[in-house]
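Take a look at the structure set out below.
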Amino acid sequence: MSKLLKLVIVGDGGVGKSALTIQLTQNQFIAEYDPTIENSYRKQVIIDEDVYMLDILDTAGQEEYSAMRDQYIRSGRGFLIVYSIGSRPSFEAVTSFRDQILRVKDLSTYPMVIVGNKVDLPDKERKVSTLEGKELSKSFGAPFLESSAKSRLNVEEAFFTLVREIKKWSANPENEEQPPTKKKSSCLAVGDVMSSLLGPKSRDKLLVNQYGEIIVTNDGITLLNSINVEHPACRMMVELSKSMDDQNGDGTTSVVILASLLLRKALKLFEGKYYNTNTLGTSTTTIGRISPMRIIKGFMMASKVAIDTINRLSIPFDLKSDIAKRYMLETANTTLNSKLLSHLYPTLASLAVDSIAMAASSLGSGSNNNNNNRTLTVSMIRVLSIQGASINDSFVTNDRDQSFGDEYSLRTIVDQQESQIKSMVVLLKRLGVTMLFIQDQSSSGDISISNMALSYFEKAKITVISPLSKEIIDGICEELNIISFSDIQELKSVSASSRLVQFESCQYDTIHHNNSNGSTQLLFLKNRQSIPDNGNNNNNNNNTLVALPTIILRGTSAIELEETERALHDALCVLCNLTRRPIVVPGGGACEIASSVDIIHSIDQKRQTSIGGGICTDIEYTSMLAFSEALEEIPVVLCKNAGADLLLVERLKVLHRQQIKENQKCFMGLDLVSKLDINNDQEEEEQIICDMINSGILETLSNKLSQIT
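Numbering (my numbering), first residue to last: 223 to 931.
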């Protein structure tokens, strides 16, 4: 049985990589062909009595395809680094390719063979001597050959030598690709797991939590809350995500991925394994180990440039303007596009925007009281999930509601004395109370109601709603601007009546479950007003009518409802932040690429104006460059998850560089939703890169800045 070996052939464009590969696999020489982007060939060979299946990856040498190199280097078992003896620049690039291989592999040595190709050229066209090739290879500790694809000289020998190097290297236990230390892997593993959750084409996770419950989600914070994390450094990554969730309600996945990428770069810098490639990509060097404090300084300098770039790309708008609803809908759509139920995002986005608008309108409708000073929060918008129908049956209402079963039981814990019950009912009746909310006994521990009490309440025509959780009771009190009473004696005070509320109407609505015989009743309390206190009402009391919204969310299954509610919560959080700070920025990786390009541009400017490195030292330059590369990885992850060509990132960088030269804003990003098709041709792929503002792919400024800072 043959052993599969993946070989990668690298080198500058035009050195004959494809010619060597085709000569080996097809026994023919092709003089002219289109430049290769990436081709794979297979050939079964016998080397030293062992049978091997060589999987040879022929790669692009042009600089515009450099974004792909890290990907195929990671998967390669051995590397053929090719240069042309008729091109000195291709010979000088050998060092860059070798250093990049070692950087990606995170090793000091790796199986490789240096090949000087095109020895069939006339002597007068030779630019690199054989001695130079041998000396360079000797410094690398790698074998050296000169070959000719045209005359088939040393073609097989080059590949066979590489296989022998792999065999020799693998036989040494010290050369095994050791996994990272536990500390590194614990921190970086979180980012690796989360990376598949980023973007509109993210993957979903099927989890079983500690309680044995099945969870299907691609929500970052939900995933982190469901896994058991023990390592302290790893817990910090989880806490970072939770902090992002508390602050913005979204961006929990992005912030962990970016932190993981920055940590990966920082470890390379600290260990002296980061290879510093200049902005032209023509040389690669390393400057040794860098202390953590200097890494932090470089990262801080780069983050300031990134923050300035994001602020420059931001677009403020007036919440009362005609474009406000469009921006809010598009921002909600962008948030929901990355969720498990993204195919439902038009419905959910409309629900979120309508509920936010309804709540903002209600808070702003007060006359001159405290409502105008109240900040819109997600807790003001209730979401009731009811199983048994399509998500399209969901709706928003601004009436206070609470769902309970058709047959709800009231448990009796302590029998009340008949006289105490009578006195309580009489007191409530005198105050004009017709509806009573009782807190759930599981929350308070000792509050319950007996059947005898229910009987007297019924005779007094006082409706009792039970049980309600403490959170719902608090929400009702907040919306109605009243207080809850824990002792019936408190109602005897004169000021108590001023905290009671009257409703002009009270009605029930029944929602039937399509998949069962059950149903759910909703109680609607409409047009509430404060009861006058016979002229003793305190003017400081806020008696303004406030009708906060409730979203009645429908779904066909419990799992669908749970994930839909999580997605809706994220959208509501984003929109609440947008009402507080109505500023949007382009999504689709536009901010990350723009920041990355601006950081490199800033480095170049500082180096050009520095004298002796006084303004920007090599260490600061290297740390800033590492930060820039980490930002650039975000759109790369987006493309990977969507199955899009990674060359799109390179094309996007070129567009942003051009805009910087022209001193203009660039809103170009990746539209991986509406313009990504399974059978993409080149023209369709180019359409993926488009203006994010015109395409409606927007994020909030506060969310994006929180990820950087």
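Glycine residues also receive a C-beta, built at the ideal position from the N, C-alpha and C atoms. Nothing here was measured: the structure is a model prediction, and the numbers come from that model.
Quick check on DSSP: helix, strand or coil for residue i?
i       : result
Asn-932 : Only positions 223 to 931 of the chain appear in the structure, and residue 932 is not among them; the question remains open.
Ser-850 : helix
Asp-321 : helix
Gln-250 : coil
Gly-238 : coil
Ser-572 : helix
Leu-541 : coil
Val-895 : coil
Gly-442 : helix
Ser-878 : The question names Ser, but residue 878 in the sequence shown is His. It is helical.
Ser-417 : helix
Asp-328 : coil
Lys-519 : helix
In angstroms with no decimal places, state the Cα-to-Cα distance between residue i and residue j.
i       : j       : result
Thr-243 : Thr-331 : 24 Å
Pro-401 : Lys-495 : Any reading at Pro-401 must be qualified, since the residue scores a pLDDT of 45, below 50, and its modelled position is unreliable; the value itself is stated next. Each residue's Cα considered, the two are about 16 Å apart.
Gly-363 : Asn-925 : 49 Å
Thr-844 : Leu-877 : 24 Å
Gln-469 : Leu-927 : 12 Å
Arg-348 : Glu-368 : 12 Å
Ser-370 : Met-334 : 19 Å
Ala-682 : Ile-660 : 17 Å
Gly-471 : Val-796 : 6 Å
Ala-611 : Leu-489 : 51 Å
Ile-437 : Leu-428 : 6 Å
Pro-365 : Lys-390 : 13 Å
Arg-873 : Glu-387 : 37 Å
Glu-379 : Ala-816 : 46 Å
Arg-299 : Ser-463 : 36 Å
Asn-614 : Thr-569 : 7 Å
Ile-915 : Val-575 : 19 Å
Ser-309 : Ser-525 : 40 Å
Val-385 : Val-304 : 16 Å
Thr-599 : Cys-456 : 30 Å
Thr-597 : Cys-798 : 9 Å
Glu-884 : Asp-913 : 17 Å
Arg-698 : Phe-679 : The sequence given here places Ile at residue 698; Arg does not occur at that position. Cα-Cα distance, rounded: 21 Å.
Tyr-294 : Ala-793 : 37 Å
Gly-434 : Val-460 : 21 Å
Ile-781 : Val-686 : 32 Å
Let me check one thing: in DSSP terms, what residues is residue i bridge-paired to?
i       : result
Ile-774 : Leu-606, Phe-617
Lys-265 : Leu-276
Met-890 : Asp-913
Lys-862 : Paired residues: none, contrary to the question.
Thr-922 : Val-806
Phe-492 : Note: Phe-492 sits in no beta bridge, so no partner.
Leu-658 : Val-686
Ser-306 : Asn-339
Lys-228 : Asp-277
Gly-233 : Val-304
Val-430 : Ile-436
Does chain B have any CB closer than 8 Å to the CB of residue i?
i       : result
Leu-551 : Annotation note: the requested chain B is absent from the structure, which comprises a single protein chain.
Could you name the residues of the same chain whose beta carbon sits closer than 7 Å to that of residue i, not counting the 5 residues immediately before and after it, in chain order?
i       : result
Ser-818 : Ser-850, Leu-853, Glu-854
Ser-373 : Asp-342
Glu-842 : Lys-519, Gly-520, Met-523
Pro-538 : Pro-804, Ile-805
Met-466 : Gly-473, Thr-474, Val-477, Ser-928
Gly-442 : Met-416, Leu-419, Ser-463, Thr-474, Thr-475, Val-478
Pro-514 : Phe-492
Just to confirm my understanding: we take residue i, look at its own chain, exclude 5 residues before and 5 after, and list those with CB closer than 8 Å. What are they?
i       : result
Asp-696 : Ser-706
Asp-280 : Ile-231, Lys-239, Ser-240, Thr-243, Thr-258, Glu-260, Asn-261, Ser-262, Tyr-263
Arg-516 : Ile-841, Glu-842, Ser-845
Val-807 : Ile-532, Leu-535, Ser-536, Ile-537, Cys-813, Leu-920, Glu-921, Thr-922, Leu-923, Lys-926
Ser-896 : Ser-917
Lys-360 : Phe-366
Asp-530 : Asp-820
His-791 : Gly-471, Val-600, Val-605
Once the 5 residues before and after residue i are set aside, which same chain residues still bring their CB inside 6 Å of it?
i       : result
Arg-604 : Thr-772
Ser-476 : Gln-929
Met-458 : none
Leu-484 : Ala-852
Val-273 : Ser-224
Gln-881 : Cys-888
Glu-511 : The sequence given here has Arg at residue 511, not Glu. The residues are Gly-494.
| Uninterrupted alpha helix (DSSP H) stretches inside the stretch 331-390 (no shorter than 4 residues) | Those alpha helix (DSSP H) runs which fall completely within the stretch 331-390 and span 4+ residues are 352-362.
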